[in-house]
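**Q** Here it is, the structure, as structure tokens.
Numbering (the UniProt record's numbering), first residue to last: 1 to 214.
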């Protein structure tokens, strides 16, 4: 039977197969890194807010506790965003004519709440409870970064599933005394295992799917 294809086709086929495999590998690698890139995770993003609130000034400079504005962080799933009255508890006396605070004064005048833009966004299929973390020794800084150094609030961490699991698998490294929850620049005292026992954290349970996906 006469040969249908030229012998060179064998070499060309090998080249195409190897090239196709390398192309698929390259696409998979690109997809892997893009999926974890700041472009998709939002890490480093600084959304525009109705008021350019500076955590660096209020937390780092004035030493205001996180819970003064985020009032429900230790007793609710949601940390809570400051209402106009919280802002005006100080700014009815300080910087009363500052142009950047005009939206706050207008909000009070119109009895209309400020609409803050969420910085840390989790998918709808993820359940996160601030109270569960704060009351078990996870500091604000662990997830939100050094807000005392942020002129404008940004997402400091990737907030990916892998990032969350790294902590859930080794929680002792992130634990701190409850009176240091809001402290910025906290240096672990090396007592994570003791705190793990004190807070009754069951490491065999907190990696179960149902903990975050309900």
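C-beta atoms are modelled at their ideal positions from N, C-alpha and C, and glycine is treated no differently.
(1) Extract the residue ranges of the alpha helix (DSSP H) inside the UniProt domain "Cytochrome c7-like" (126 to 214), only unbroken runs of 4 or more that lie entirely within it.
(2) Are there three or more Cβ pairs, one per stretch, closer than 8 Å when the segment 129 to 142 is compared with the segment 66 to 82?
(3) Do three or more CB pairs link the segment 92 to 110 to the segment 126 to 134 at distances below 8 Å?
(4) Please work out which residues of its chain come closer than 7 Å, Cβ to Cβ, to residue 91, disregarding the five sequence neighbours upstream and downstream, and give them in chain order.
(5) Going by beta-carbon coordinates alone, are residue 126 and residue 155 separated by less than 8 Å?
(6) Given that a residue counts as buried once 16 or more other Cβ atoms are within 10 Å of its Cβ, and exposed if not, what is residue 229?
(7) Are the segment 154 to 171 and the segment 200 to 214 touching, with three or more C-beta to C-beta distances below 8 Å?
(8) Looking only at its chain, what residues have a beta carbon closer than 8 Å to the beta carbon of residue 49, apart from the 5 residues adjacent to it on each side?
(9) Could you say which of 88, 184, 66 lies nearest to residue 80 if we only look at CA atoms?
(10) Going by Cα to Cα distance, which pick from 47, 87, 43 is closest to residue 64?
(11) Using the C-alpha atoms, what's the distance from residue 121 back to residue 173?
(12) Any heavy atom of the ligand COA closer than 7 Å to the CB of residue 61?
(13) Compare the C-alpha of residue 216 against each of 21, 181, 61, 211 and name the closest.
(14) Here's the rule: buried if 16 or more other CB atoms are within 10 angstroms of the residue's CB, otherwise exposed. What is residue 161?
(15) Which residue from 184, 178, 107 puts its Cα closest to that of residue 192?
(16) Quick one: what does DSSP say residue 49 is sitting in, helix, strand or coil?
(17) If you reduce the DSSP assignment to three classes, tell me which class residue 110 lands in.
(18) In whole angstroms, give me the CA-to-CA distance for residue 195 and residue 176.
(19) Please say whether residue 55 and residue 150 have beta carbons closer to each other than 8 Å?
(20) Check whether the Cβ atoms of residue 262 and residue 114 lie closer than 8 Å to each other.
(21) Considering only the alpha carbon of each residue, which of 89, 159, 108 lies closest to residue 38?
**A** Working from what's here:
(1) Listed in chain order, they are 130 to 134, 140 to 144, 161 to 169, 192 to 198, 209 to 212.
(2) Yes, the segment 129 to 142 touches the segment 66 to 82.
(3) Three or more Cβ pairs closer than 8 Å define a contact, and the segment 92 to 110 falls short of that threshold against the segment 126 to 134.
(4) Indexing the chain shown from 1 puts residue 91 at position 91. Only 101, 104 meet the Cβ criterion.
(5) Here residue 126 corresponds to residue number 126 of the chain shown, with the count starting at 1. Here residue 155 corresponds to residue number 155 of the chain shown, with the count starting at 1. Contact: no.
(6) Given that the chain is displayed from residue 1 to residue 214, the structure contains no residue 229 and the question cannot be resolved.
(7) Short answer: they touch.
(8) For the purposes of this step, residue 49 is taken as the residue at position 49 of the chain shown. Here the set comprises 116, 117, 152, 153.
(9) Looking up residue 80 in the chain shown gives position 80. When only C-alpha atoms are compared, the closest one is 66.
(10) Taking the first residue of the chain shown as 1, we reach residue 64 at position 64. Minimum Cα distance to residue 64 is reached at 87.
(11) In the chain shown, residue 173 corresponds to position 173, counting from 1. In the chain shown, residue 121 corresponds to position 121, counting from 1. Distance between residue 173 and residue 121, taken at the CA atoms: about 24 Å.
(12) Inclusion of the ligand COA in the displayed structure is not the case, the ligand content being empty and no account of it being possible.
(13) Examination of residue 216 is not possible in this model, given that the chain is present from 1 through 214 alone.
(14) Reading the chain shown from its first residue, position 161 is the one you call residue 161. Residue 161 comes out exposed.
(15) Along the chain shown, read from residue 1 onward, the residue named residue 192 stands at position 192. Of all alpha-carbon atoms in 184, 178, 107, the one lying nearest the alpha-carbon of residue 192 is that of 178.
(16) Taking the chain shown and counting its residues from 1, one reaches residue 49 at position 49. Of the three classes helix, strand and coil, the one that applies to residue 49 here is coil, per DSSP.
(17) Numbered from its first residue, the chain shown carries residue 110 at position 110. Helix at residue 110.
(18) Here residue 195 is taken as the residue at index 195 of the chain shown, counted from 1. Here residue 176 is taken as the residue at index 176 of the chain shown, counted from 1. Distance between the alpha carbons of residue 195 and residue 176 is about 7 Å.
(19) In the chain shown, the residue the question calls residue 150 occupies position 150. In the chain shown, the residue the question calls residue 55 occupies position 55. With a cutoff of 8 Å on beta-carbon distance, residue 150 and residue 55 are scored as near each other.
(20) Here the chain has residues from 1 to 214 only, and residue 262 is not among them.
(21) As a position in the chain shown, residue 38 is number 38, starting the count at 1. Nearest of 89, 159, 108 to residue 38, Cα basis: 159.
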